[in-house]
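J.:
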Amino acid sequence: MSTRFQLFVQPPSSDPGARPEVVTVSSPAGSVAPGPADHRMYVVEPIGKEKPFGRVRGPFGTPYVYLPPWGGAARAPAMPDAEGHFDHLAPGMPGFEAAHLFGAVRFTLDVWERYLGGPFHWHFAGHIERLEISLLHHWDNAQYGFGFLETGSQFEDDGTVQPFSLNFDVVAHEIGHAIIYSLIGVPDPRTELPEYLGFQESAADCVSIIAAMHFPSVLREVLEATRGNLYQFNRLARISEYSRTRQMRLANNSLTMARFARGWDDEHDLAQPLTGAVFDILVDIFHESLVAGGAISPAVEDLADRAENDPELRPVLQAEFDRAYERDPAGFLTALEDARDLTGVFLADSFKRMEANYLDYDDLGNALLAIDMEENDGAFSRLIRRNFERRLIGTVDAGPRLKAPDKRSHTRSARTVLPDDQDALPGMSYRERYLLARSGR
Ligand SMILES: [Zn+2]
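The number in our numbering is simply the position in the sequence shown, starting from 1, with 3 added.
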């Protein structure tokens, strides 16, 4: 039997009335230790940890590489109940955040390990045994790096503080980075193209969207709200890596590479044409599944394609979807699950084939096309090609980065710091090392 957790599908920050749902993850009940912790990862809530991991400075200002494990004091771990579950921990109770964070990571891993065909190794395996997942409440960010996943808080202008640990989209996005670091890795700086950075963010968002689509309530809500016309603004298309007000990005955007040809300054923006292409592929596969299952006619599918470029057709299309959904809601659900899983498997297989050096967006298109030819008789080739071409991927490359990366930039900085980087840094004095050791770091 598997282990139960309570997870917020919708972060309490976006919906103050939100209640967590009870989910089960694959860990056999009784296998998750206090923390929560298992053989691959553990949650820790450090006391007195000032800085996130990465490249930081010592008490006298000497830079050094700061990696797990946290060696100082920590709050009491979240405890399982007598049967080994964690769903007795509810919002507001000590240990709830730690349990939520672990549950969200494990839930996302379950989804993607099914698509990948089994567990993957952390990219730091060999140096650090288990992933340290930590709650760093006073920090205003979240990051995954060499041996760590740390979540801070969103500090809203109105004074409220929202822990990222309770935001499933954020946690799943970070696990998306973990998957890409593991399967594709980091390019040599001399062979890194700008699109590698955009690809990291886009892939992390795709991992997050597809993981969220495994909550039955998300699929139900999406279908009820759109009657199956997914181009409508909805939960699926909305990913909040940070604040829903500040950094909300849309998976159903219409950006093409033309926007970035002369340069760009944020990889999250640069990611949008690629995320948009993947989202459109998912929607096209959904439409094909709807036609195959008899839920919509080929004429309505054709209308949906034309409505993308012709806003005047959209009310007509919505009326068609309203009628069709009313007739066969179960058929719509099956088709959406189908599209989700086909997209997930195609992406997972593509990640396994891609190479970090010289990676650009077109590599994902080519990997998807190759898999489609080998495994699927080329059935999706036309829709894959069309969606990549429409974004000008493969014809227009991203220009140079125009601004130095800020602290939101994920892919450089703390994320890619390695133990060997210490060799290039100046040594610390005896006294500075002593002070550092005393501080628990
Ligand atoms: Zn990211």
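Virtual Cβ for every residue (Gly too), placed ideally from N, Cα, C. In this text the structure is predicted, and so the values were computed from the model without any measurement.
1) Taking the Cβ atom as the reference point for each residue, do R230 and D325 lie within a distance shorter than 7 Å?
2) Heavy atom of ligand 1 less than 6 Å from the Cβ of E204, yes or no?
3) Taking the alpha-carbon positions, what's the S156 to G201 distance?
4) Smallest Cα separation from V303: which of F282, L362 and A327?
5) Would you say A280 touches ligand 1, meaning its beta carbon is less than 6 Å from a heavy atom?
6) For Y118, which of helix, strand or coil comes out of DSSP?
7) Please report the distance separating the alpha-carbon of N232 from that of G162.
8) With C-beta atoms as the reference, is S292 less than 7 Å away from A342?
9) Grab me the residues of V348's own chain with a C-beta within less than 8 Å of its C-beta, minus the 5 sequence neighbours each way, in chain order.
10) Buried or exposed for K52, please, with buried defined as at least 16 other CB atoms from any protein chain shown within 10 angstroms of its CB.
11) For A107, which of V26, V225, L428 and S432 has the nearest alpha-carbon?
12) What is the residue span of the beta strand (DSSP E) that S137 lies within?
13) With DSSP as the reference, label S300 as helix, strand or coil.
14) According to DSSP, is Q425 part of a helix, a strand, or is it coil?
15) Where does F263 fall in DSSP's three states?
16) Flag A207 as yes when its Cβ comes closer than 6 Å to any non-hydrogen atom of ligand 1, and as no otherwise.
17) Using 8 Å for Cβ pairs, my map puts A145 next to F167. What's the rounded Cβ distance?
18) With contact counted as at least three CB pairs below 8 Å, one residue from each stretch, are the segment 134-144 and the segment 185-200 in contact?
19) For a minimum of 4 consecutive residues, which ranges assigned as the alpha helix (DSSP H) are wholly contained in the segment 66-131?
20) Restricting to Cα atoms, I'd like to know which of F218, V46, V164 and S205 is closest to D113.
21) Is the distance from the Cβ of L395 to the Cβ of S384 below 7 Å?
22) Quick one: residues in its chain with C-beta nearer than 6 Å to the C-beta of Q9, no 5 flanking neighbours on either side, listed in chain order?
23) Reducing DSSP to helix, strand and coil, say where P314 ends up.
24) Just checking my contact of Y234 with R133 at CB under 8 Å: how many whole Å lie between their CB atoms?
25) On the DSSP letters alone, give me the boundaries of the beta strand (DSSP E) that F335 sits inside.
26) Taking all protein chains shown into account, do 16 or more other C-beta atoms lie within 10 angstroms of the C-beta of R7, making it buried, or fewer, making it exposed?
27) Can you tell me where the beta strand (DSSP E) with R60 in it begins and where it stops?
28) Using the Cβ count rule (16 or more neighbours within 10 Å means buried), how would you classify L281?
29) Indicate whether R58 and V420 have their beta-carbon atoms separated by less than 7 Å.
30) Cα separation between R249 and V225?
31) Check G368 in the structure and name its three-state DSSP category.
32) Which residues in the same chain as A76 place their Cβ atom closer than 8 Å to its Cβ, once the five residues preceding and following it in sequence are excluded?
T.: Reading from the atomic positions:
1) yes
2) yes
3) 24 Å
4) A327
5) no
6) helix
7) 37 Å
8) yes
9) Y118
10) buried
11) V26
12) L134 to L138
13) coil
14) helix
15) helix
16) yes
17) 4 Å
18) no
19) 99-119
20) F218
21) no
22) P23, V25 and D90
23) helix
24) About 42 Å separates the two Cβ atoms, so there is no contact after all.
25) Segment P332 to R356 is the alpha helix (DSSP H) holding F335; no beta strand (DSSP E) there.
26) buried
27) G57 to R60
28) One point to set straight first is that residue 281 is Val, not Leu, in the sequence displayed. It is buried - the Cβ of V281 has at least 16 other Cβ atoms within 10 Å.
29) yes
30) With a pLDDT of 34 at R249, under the threshold of 50, the modelled position of this residue cannot be trusted; read the value that follows with caution. For R249 and V225, the distance between alpha carbons rounds to 23 Å.
31) helix
32) P49, I50, G51 and G443
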